[in-house]
Amino acid sequence: MTAPLSRVVIAGGGSAGWMAAAALSQALAGTGVAIALVESEEIGTVGVGEATIPPIHGFNQMIGVDEAEFVKATGGTFKLGIEFVDWAKRGARYFHPFGRYGDDFGLVPFHQQWLAARAAGDRTPLSAYSLSTLAAMDGKFGLPQGGAQTVFATYGYAYHFDAGRYAAYLRRLSESRGVVRHEGRIDTVERDAQTGFVRALRLRDGSVVAGDLFLDCTGFRALLIGEALGVPYQDWSHWLPCDRAVAVPSATAGPPLPYTRSTARDAGWQWRIPLQHRIGNGHVYCSGFATDAEAEALLLANLEAAPIGDPRRLRFTTGRRARAWEGNVVAVGLSGGFLEPLESTSLHLIQSAINILLRWFPDSSFDPAVRAEYNRLVAREWDAIRDFLVLHYVATERDDTPFWRHCRNITPPDTLAEKMALFARTGRLLEREGDLFVEASWLSVLLGQGVTPQGFDVLAASIPAPVRAKILGAMRLTIANAAATLPSHEATIARSFRAAQETMS
Ligand code: FAD
1 MTAPLSRVVI AGGGSAGWMA AAALSQALAG TGVAIALVES EEIGTVGVGE
51 ATIPPIHGFN QMIGVDEAEF VKATGGTFKL GIEFVDWAKR GARYFHPFGR
101 YGDDFGLVPF HQQWLAARAA GDRTPLSAYS LSTLAAMDGK FGLPQGGAQT
151 VFATYGYAYH FDAGRYAAYL RRLSESRGVV RHEGRIDTVE RDAQTGFVRA
201 LRLRDGSVVA GDLFLDCTGF RALLIGEALG VPYQDWSHWL PCDRAVAVPS
251 ATAGPPLPYT RSTARDAGWQ WRIPLQHRIG NGHVYCSGFA TDAEAEALLL
301 ANLEAAPIGD PRRLRFTTGR RARAWEGNVV AVGLSGGFLE PLESTSLHLI
351 QSAINILLRW FPDSSFDPAV RAEYNRLVAR EWDAIRDFLV LHYVATERDD
401 TPFWRHCRNI TPPDTLAEKM ALFARTGRLL EREGDLFVEA SWLSVLLGQG
451 VTPQGFDVLA ASIPAPVRAK ILGAMRLTIA NAAATLPSHE ATIARSFRAA
501 QETMS
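Spelled out as structure tokens, the structure:
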């Protein structure tokens, strides 16, 4: 006979801690499980993490937030995808849109029809079949209208928001649902001598926060999973070489763009994330190819408007914990690993860890099989995202700096190498169970980075060429018409999502 847990302790109050608190307080309401969170204002949070991907809608739904209230409270804007500049080669641009390209017809995926048309001489870019891309490039954004039968079923969006305001918003929500916050620095992690399980956190002021299940949300410090339990970290810098970042906000420069921009630099890349009240900027780089001072100077030289405050330097090692759950400790957030911010996946990985934990929530027996399944599911998702990120670095024609020559010579993970090779030969995309990024994402980045298929699926020929051309033409028109009807991103924000004036500075 097993007993339910009675106390969950969340160590850390960054985005990971408060996302976990908001989700668990909602999901565990009425079960009698008490939730406590410990954080230290003196230590603070990593303070970045402002771009998201569409699955965040599921998280917001789960915790029961109202979209307008959430966007206003966080100074948020809408994100239709990411524009990549200078990645494949200097001067080249492509867009990774949320949502889908076109609509399948015939016996094959849509892009196979596009490849067949291309083989017959049609030079229309794939982006002409993406509503999110057309809207983004025109500075437009409107909430999707109509249902699954309309072109809006192919449209996807996420948000940009202020990381500090996001944590504050989730804190208010969590505390209103009974989460008890303890302010203070964790000095000691107390463990059971026999089982090795964590029993309590002792804070600097001598107080003790005891629990049954502990979520380690202490960021890169990884106080529980790393320092106390010694779970090894798998270092992936041989695949994802960037290991530093410098971040600085700047003043707004015109209406906010409805997308993130990632611009490749000599030893890494620079992000631009538009919010209502400022622009988030950062330069992610590899310390083997640029000094901190050089990286900071390059960032400051490439801002569109005056910086707000001093640049902030961050260090990291890409990779993940060998096991996200050990004993009665589950690592959520940066304590569990970091894949660098290239495709804005970290907040998603927090959300996903929470979802999987709720599906495999332990009882007091802490069944090892439950833990093993959790670890398998989490690892699978991290590994799949890793492959997608590595693709951006290895599939490039750039050889103009030592960093890019290094990247071109990275040996990709076997799983990625297989996927790239099959696509290059046949245009087919291997999909694996647990993939976060699916067809449209891989297509945009593979094609954008210059991996062009030599062939296409022969079954595309089930549609005669003139019929295919007609269908493709009609699809383009529908998508272009839909994009034309959308309001500007600025107008959508002004109508229903504007943050209160006092929070705009
Ligand atoms: P932190 O924010 O570091 O929080 C750790 C918490 O633990 C803090 O509350 C701290 O006070 C507490 N703590 C630590 N030690 C102690 C102690 N001894 N006692 C008490 N409390 C303690 N993600 C995205 O999804 N999109 C992005 O665009 C994005 N960009 C990023 C850019 C960079 C350069 C980096 C480094 C990360 C980025 N991320 C992004 C990741 C994102 O910032 C994190 O995943 C997210 O903020 C969660 O961080 P965290 O809560 O795990 O850690």
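Quick note on numbering: this note's numbering labels position 335 of the sequence shown as 335, and the sequence is numbered without any gaps. All residues carry an ideal CB built from backbone N, CA and C; glycine is no exception. Remember, predicted model here, so these are calculated numbers, not experimental data.
- Checking the DSSP bridge columns, you'll see Y233 partnered with R321.
- Fewer than three beta-carbon pairs drawn from the segment 137-145 and the segment 105-112 are found closer than 8 Å, and the two stretches are therefore not classed as touching.
- The beta carbons of A21 and V189 sit no closer together than 8 Å.
- Exposure of H238 is indicated by the presence of fewer than 16 other C-beta atoms within 10 angstroms of its C-beta.
- Within the chosen limit of 7 Å, the ligand FAD reaches the beta carbon of S344 through at least one heavy atom.
- Taking the CA atoms as reference points, R321 sits about 14 Å from T218.
- Membership of E381 in the alpha helix (DSSP H) is indicated by the continuous run P368 to V394.
- Cβ contact annotation for A92 (same chain, cutoff 7 Å, sequence separation greater than five): D86, in chain order.
- Rounded to whole angstroms, the separation of the alpha carbons of D216 and S364 is 18 Å.
- Judged by their CB atoms, A353 and A324 are nearer to each other than the 8 Å cut-off.
- With a cutoff of 7 Å, S15 counts as near the ligand FAD, since its C-beta is closer than that to a heavy atom of the ligand.
- Fewer than three beta-carbon pairs drawn from the segment 219-232 and the segment 281-296 are found closer than 8 Å, and the two stretches are therefore not classed as touching.
- Distance check between A293 and each of A251, R244 and I273 places R244 closest, using alpha-carbon atoms only.
- Within the model, the alpha-carbon separation for F95 versus E343 is close to 12 Å.
- For secondary structure counted as the beta strand (DSSP E) over 3 or more consecutive residues, the segment 58-116 holds these complete runs in sequence order: 77-79, 81-85 and 93-97.
- Pairing R312 with V246 gives a Cβ-Cβ distance under 8 Å.
- Not one heavy atom of the ligand FAD falls within 7 Å of the beta-carbon of I354.
- Exclusion of the five residues before and after S25 leaves I35, S174, R177, G178 and V179 as the residues of its chain whose Cβ lies within less than 7 Å of its Cβ.
- The C-beta distance from H160 to T260 rounds to 7 Å, short enough to meet the 8 Å contact threshold.
- Spatial neighbours of G49 in its own chain (CB-CB distance under 7 Å, excluding positions within 5 residues in sequence) are listed in chain order as S15, A163, S346 and L347.
- Distances from the CA of A128 to each of N481, A494 and E39 were compared; the closest alpha carbon is that of N481.
- Shown here, W442 sits in a helix according to DSSP, grouped into three states.
- Residue state for D205 is assigned as coil, using DSSP reduced to three classes.
- Approximately 19 Å separates the beta-carbon atoms of L389 and E433; this is outside 8 Å, ruling out the contact.
- Here the C-alpha atom of A465 lies approximately 37 Å from the C-alpha atom of P412.
- If one requires a minimum length of 3 residues, the beta strand (DSSP E) runs lying completely within the segment 148-207 are 158-160, 180-183, 186-191 and 198-203, in chain order.
- Assignment of G336 by DSSP, reduced to helix, strand and coil, places it in the helix class.
- Within the model, the alpha-carbon separation for R185 versus R498 is close to 36 Å.
- Contact check for P368 against L213 fails: the beta carbons are separated by 8 Å or more.
- H406: member of the alpha helix (DSSP H) spanning P402 to R408, first to last residue.
- P453 sits away from A421, with the two beta carbons spaced by 8 Å or more.
- Residue pairing by DSSP puts N281 in a beta bridge opposite V248 and R272.
- The segment 60-67 and the segment 199-214 do not touch, with fewer than three beta-carbon pairs separated by less than 8 Å.
- Within the same chain, Cβ atoms closer than 7 Å to the Cβ of H392 are found at W87, L342, V445 and Q449, the five residues on either side in sequence being excluded.
- Contact fails between the segment 114-122 and the segment 76-83, because fewer than three Cβ pairs, one in each stretch, are under 8 Å apart.
- No Cβ-Cβ contact shorter than 8 Å links V248 with V329.
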